[in-house]
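Single-structure report; data block below.
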Amino acid sequence: MWKIIVRRILIMIPQIFLLSILVFLMAKAMPGDALSGMLDPNIDPAAIDAMREKLGLNDPWYIQYWDWITKAIQGDFGQSFRFKMPVSELIGQRLMNTLWLAIVTLILTYLIAIPLGITSGRYNDSWLDRLITGYTYIGFAAPLFIFALLMVWVFGFHLHWFPTSGSVSPGEVPGTLSHFWSKFYHLLLPAISMALIATVGTVQYLRNEIIDTKQKDFILTARAKGASESRVYNRHILRNSLLPIAAFFGYEITGLIGGTVFVESIFSYPGMGMLFLSSITIRDFSVVTALVLLYGIAAIVGALLSDIILSIVDPRIRIK
């Protein structure tokens with residue numbers, strides 16, 4: 020078990036290093052640089068050049084990269100010219116909103132997907148299975164941002180069941196029960212919107228696993244020995260079918276964090292996703308590079324979590 024964790028962590032180190040180089044080079048390819056939005060364009064060009072020289076922006080890319088990555092390791096991602104504050108502090112203000120949104124979405128995804136997948140797989144080719152499968156086909160075909168716009172229009176603007184912007188009602192005192200409820204109430208509609216789309220892949224995968232497991236020899240043997248149908252499903256079919264779902268846990272987290280980029284903008288939810296899109300629009304160089312790097316690291320860590328979880332639930336794949 021520990022060999023797997025150590026080996027995967029050692030593989031992660033060069034992955035993160037290569038990712039940081041790629042992120043930096045892509046950011047350098049953007050028009051302008053980290054100084055572009057911080058200075059009045061009416062300033063003497065000679066003064067601007069002198070400032071770029073002082074900040075090292077005229078140095079070769081590898082020198083700039085080394086200066087950037089060494090500061091990033093210490094938590095210093097530079098200064099945001101739009102918000103006039105350190106990028107690490109700015110991200111810290113938005114991070115918890117995105118994490119809570121991703122956690123609630125993940126919980127809703129599994130609460131919806133597992134019962135639907137089990138029902139569809141156990142009663143395959145029934146009218147109930149066709150109904151669930153039809154829902155998954157619609158979910159696969161519906162883009163997340165279109166579905167989110169529909170949800171905010173119906174349940175936010177038309178029915179007025181949920182707020183359509185912000186993360187908390189004005190005037191709420193942090194630490195109180197009403198403040199906690201307001202935070203939860205504001206993220207509920209974005210979480211439901213993402214969960215209803217994210218759940219379709221898990222439903223289909225679980226359904227197919229159950230149908231495939233039902234045909235295995237050990238299931239036929241259990242039935243031939245007179246085991247009850249509930250025992251066959253609970254002790255054999257369901258247990259084996261849920262193993263791959265557990266392994267996808269880390270990837271689900273990564274996918275949800277990435278999905279918040281569009282959902283947060285649609286619902287005007289102040290998280291990292293909304294900050295990311297707005298920073299791209301105004302070319303806030305320091306914020307964009309920091310967020311892309313963090314999203315990439317989250318994807319790598321998600322893959323590590325999936326490998327660890329799979330090795331725990333299925334000892335057959337452990338590397339000695």
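Under our numbering, the final residue of the sequence shown carries the number 339; numbering is consecutive throughout. Idealized CB from N, CA, C, for every residue including glycine. Since the structure is predicted, the reported quantities are computational estimates derived from the model, not experimental observations.
| query | result |
| --- | --- |
| Taking the C-alpha atoms as reference points, what is the distance between I32 and L125? | 27 Å |
| Under three-state DSSP, which class holds K339? | Because K339 sits at a pLDDT of 47, beneath the cut-off of 50, its placement in the model cannot be relied upon, and the point is left open. |
| Please classify L178 as buried or exposed, where buried requires at least 16 neighbouring CB atoms within 10 angstroms. | exposed |
| Do the region 306-316 and the region 125-137 make contact, defined as three or more Cβ pairs closer than 8 Å? | no |
| According to the neighbour-count rule (16 or more other Cβ atoms, all chains shown, within 10 Å of its Cβ), is K90 buried or exposed? | exposed |
| Could you have a look at P33 and say whether DSSP puts it in helix, strand or coil? | helix |
| What distance in whole Å lies between the Cβ atoms of I35 and I216, which are believed to be in contact at a cut-off of 8 Å? | Going by Cβ atoms, the distance from I216 to I35 rounds to 29 Å, so no, they are not a contact pair. |
| Do you know how far the Cα of L294 is from the Cα of V219? | 28 Å |
| Per DSSP, what are the beta-bridge partners of Q98 in this structure? | P105 |
| Pick from L44, V106 and L120: whose alpha carbon is nearest that of F281? | L120 |
| In three-state terms, what does DSSP make of D326? | helix |
| With a threshold of 16 other CB atoms inside 10 Å of the CB of P182, please say whether the residue is buried or exposed. | buried |
| Taking only three categories from DSSP, how would you classify V192? | coil |
| Taking all protein chains shown into account, do 16 or more other C-beta atoms lie within 10 angstroms of the C-beta of I157, making it buried, or fewer, making it exposed? | exposed |
| Of the choices L310, F199, T221 and P79, whose alpha-carbon is the least far from that of E108? | L310 |
| Thinking C-beta only, is L225 closer than 9 Å to I264? | yes |
| Determine whether the beta carbon atoms of V42 and L312 lie at a separation below 9 Å. | yes |
| For the putative contact between L147 and T138, defined by C-beta atoms under 8 Å, what is the C-beta separation to the nearest angstrom? | 6 Å |
| Pop quiz: Y288 and S186 are said to be a contact at Cβ under 8 Å. What is the actual Cβ separation, rounded to whole angstroms? | 6 Å |
| Please report the residue range of the alpha helix (DSSP H) in which Y81 lies. | W80 to I92 |
| Flag this pair as yes or no: are the beta carbons of Q223 and T279 separated by less than 9 Å? | no |
| Could you check which residue in F100, E271, L257 and N143 has the C-alpha nearest to that of I301? | F100 |
| What is the DSSP secondary structure of S39, counted as helix, strand or coil? | helix |
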